[in-house]
Amino acid sequence: MPVKALFKPFRLGALELPTRVVMAPMTRSFSPGGVPDSKVVEYYRRRAAAGVGLIITEGTTVGHKASNGYPNVPHFYGEAALAGWKKVVDAVHAEGGKIVPQLWHVGSVRRIGTEPDASVPGYGPTEKLKDGQVVVHGMTKDDIQDVIAAFAQAARDAQSIGMDGVEIHGAHGYLVDQFFWEGSNQRTDEYGGSLANRSRFAIELVEAVRAAVGEGFPIIFRFSQWKQQDYTARLVQTPQALGEFLKPLSDAGVDIFHCSTRRFWEPEFDGSQLNLAGWTRQLTGKPTITVGSVGLDGEFLQFMVNTDKIAQPASLEKLLERLNNDEFDLVAVGRALLVDPDWAQKVRDGREQDILPFSREALMTLV
Ligand SMILES: Cc1cc2nc3c(=O)[nH]c(=O)nc-3n(C[C@H](O)[C@H](O)[C@H](O)COP(=O)(O)O)c2cc1C
Numbered sequence: 254m255p256v257k258a259l260f261k262p263f264r265l266g267a268l269e270l271p272t273r274v275v276m277a278p279m280t281r282s283f284s285p286g287g288v289p290d291s292k293v294v295e296y297y298r299r300r301a302a303a304g305v306g307l308i309i310t311e312g313t314t315v316g317h318k319a320s321n322g323y324p325n326v327p328h329f330y331g332e333a334a335l336a337g338w339k340k341v342v343d344a345v346h347a348e349g350g351k352i353v354p355q356l357w358h359v360g361s362v363r364r365i366g367t368e369p370d371a372s373v374p375g376y377g378p379t380e381k382l383k384d385g386q387v388v389v390h391g392m393t394k395d396d397i398q399d400v401i402a403a404f405a406q407a408a409r410d411a412q413s414i415g416m417d418g419v420e421i422h423g424a425h426g427y428l429v430d431q432f433f434w435e436g437s438n439q440r441t442d443e444y445g446g447s448l449a450n451r452s453r454f455a456i457e458l459v460e461a462v463r464a465a466v467g468e469g470f471p472i473i474f475r476f477s478q479w480k481q482q483d484y485t486a487r488l489v490q491t492p493q494a495l496g497e498f499l500k501p502l503s504d505a506g507v508d509i510f511h512c513s514t515r516r517f518w519e520p521e522f523d524g525s526q527l528n529l530a531g532w533t534r535q536l537t538g539k540p541t542i543t544v545g546s547v548g549l550d551g552e553f554l555q556f557m558v559n560t561d562k563i564a565q566p567a568s569l570e571k572l573l574e575r576l577n578n579d580e581f582d583l584v585a586v587g588r589a590l591l592v593d594p595d596w597a598q599k600v601r602d603g604r605e606q607d608i609l610p611f612s613r614e615a616l617m618t619l620v
C-alpha cells in the first residue's frame, strides 16, 4: 500500500501541517531546572527536518506549585523556560514543521520531595492520607480555579512564543483524567458524581484556554481509557457514552482529539472495527489523531516490565488502510520516532530496512 497518505498535508483553519505524521508527546527528563536547552532544541529540530508534520512536545508543566511529578521535566512558565521553548519553536519552524506543547499537571501522582518545592504534596480531586500525613491534597474550588488559570496562562504564553497550538494532557491518569475517572474522583460537589460532573473541570479548563487564546488557535485534547494506575480502566463502555463524554469538550473549544491507545488496530467497542480515534471522529465530527504501536511489533508497556525486550519495525499496511478510509486524520508515532529521528523520512523513501528497532537501552542513550 502506498505510504503517500501519511505524507499529504493537513489543514485545519490556520494550521497547515506538511505531513500527517505527528510526534507523540514523550517525557525525556533532560531539562535540568525545568529549562529546555540546546540538546532539546536539536532533538526536536531533527524530527521536524525528517518529515514529522506536527511535534507534540514532551509533557511540560503549567505554572502551579503541584504540577510536576518527576525530575528534570521542562516547565512551561517562567522567563528562562519560555525562552528555551522559543528556541525550539524557531528551530522546528525553520525546518518547515509545526509544534505544540503538551500542557501537563500530574495531580495526585506527585510525591512530597519532588521539585520544584519539595514540601508540596500531590494535588488531586480527593484527599489521601498516609500515616496521618497528607500525601494528596484534596483540591478546593479555589485550587481548581488556580490550576485552570495556570493552563490558560500557559496557552497564552504558547501563543506568544509562536507555538502552533497547545495540547492539553487529559489522559493516562494525570490530573485532568483523575477528575474524569470515578476510581480517583470521589468528590461530592459539582466536580464529582456523574461523568458529566467529573468532566466539569476539563470543560472549564478548555473554555478558559479558548478564552485566553481566542478563536483560530488550535486546541488539541488528549484523552485515554487506560490509566497508569490501571491499564484496564475504561471511562466509557459504549459509543453512546463516548459521544456524551466528548460533546461538551468539543463544544468548549477542542479542535482536535488525540485518542491515546496502546495498539491502534484494536476495535474500541464490539460490533465495529473502528478504533477510539475512529469513533471519536465519527461522534464529534472533529479531526482525530490515532496512536499506539505504529511501526513497531511490541507495545510500550512491555518495555517497563521486560527491559531486555526489543521491538522490531512492523508493517504499516493496516495503518495506511485505515488512514485511507478516513477513520482518523493524523497518526502519532512515539517510540519509533524516539529511537529513530529519521523514521518518517525512511518510511517516505521506502527505506524500511534502515529503520532502527526500539529497546530500553536505546531509549536511555538516544538524542
Ligand atoms: C518514554 C516515553 C515517555 C512518554 N511520555 C508521555 C508524556 O509525557 N505524555 C503523554 O501523553 N504520553 C507519554 N507517553 C506515551 C506516548 O505519547 C505514546 O502514547 C505511547 O508511547 C504509545 O505510542 P508508541 O507505541 O508509538 O510508542 C510516553 C511514552 C514513552 C515511551
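Reminder that position 241 of the sequence shown reads as 494 in our numbering, one-by-one numbering, no gaps.
Glycine included, C-beta positions come from ideal geometry on N, C-alpha and C.
If we ignore side chains and look at the alpha-carbon of each, how far apart do Thr560 and Asn577 end up?
-> The straight-line gap from Cα to Cα measures roughly 35 angstroms.
Alpha carbon to alpha carbon, how far is Ser437 from Ala424?
-> About 13 angstroms.
What residues in its chain sit with their C-beta under 6 angstroms from that of Gly391, if we drop five residues either side in the sequence?
-> For Gly391, where only same-chain residues beyond five positions count, the Cβ hits under 6 angstroms are Thr379 and Glu380.
Assumed close pair Gly349, Val293 - CB separation to whole angstroms, cut-off 8 angstroms | At roughly 19 angstroms, the Cβ-Cβ gap does not stay under 8 angstroms, so Gly349 and Val293 are not in contact.
Determine the contact status of Phe476 and Ser525, defining contact as a CB-CB distance below 8 angstroms.
-> No, the Cβ-Cβ distance between Phe476 and Ser525 is not below 8 angstroms.
Hey, is the segment 584-591 in contact with the segment 533-545, meaning 3+ C-beta pairs nearer than 8 angstroms?
-> Short answer: they touch.
Of the residues Pro610, Leu591 and Arg604, which one's Cα is nearest the Cα of Val305?
-> Nearest in C-alpha terms to Val305, of all of Pro610, Leu591 and Arg604, is Leu591.
Test item: CB-CB of Val345 and Tyr296 under 8 angstroms = Not in contact: Val345 and Tyr296 (Cβ atoms no closer than 8 angstroms).
Inter-residue spacing [alpha-carbon to alpha-carbon] between Gly331 and Val315 | Here the C-alpha atom of Gly331 lies approximately 10 angstroms from the C-alpha atom of Val315.
Thinking C-alpha only, which one of Ile456, Tyr427 and Ser413 is nearest Pro501?
-> Taking each of Ile456, Tyr427 and Ser413 in turn and checking the Cα distance to Pro501, the smallest one comes out for Ile456.
Just reading off the alpha helix (DSSP H) that Met617 is part of, what are its end residues?
-> Start and end: Arg613 to Thr618.
Pick out whichever of Ala407, Ser361 and Thr367 has its Cα sitting closest to the Cα of Arg463.
-> Cα-wise, what sits closest to Arg463 is Ala407.
DSSP state of Asp483, grouped into three classes?
-> The answer is strand: DSSP assigns Asp483 an E or B state.
Of the residues Pro594, Leu616, Thr618 and Glu519, the one placed nearest Asp607, counting alpha carbons only = Considering only alpha carbons, the answer is Pro594.
Is Ser284 near Asn325, with beta carbons less than 8 angstroms apart?
-> Against a cut-off of 8 angstroms, the Cβ pair of Asn325 and Ser284 comes out as a contact.
Beta strand (DSSP E) segment containing Ile421, residue limits = Element bounds for Ile421: Val419 to His422.
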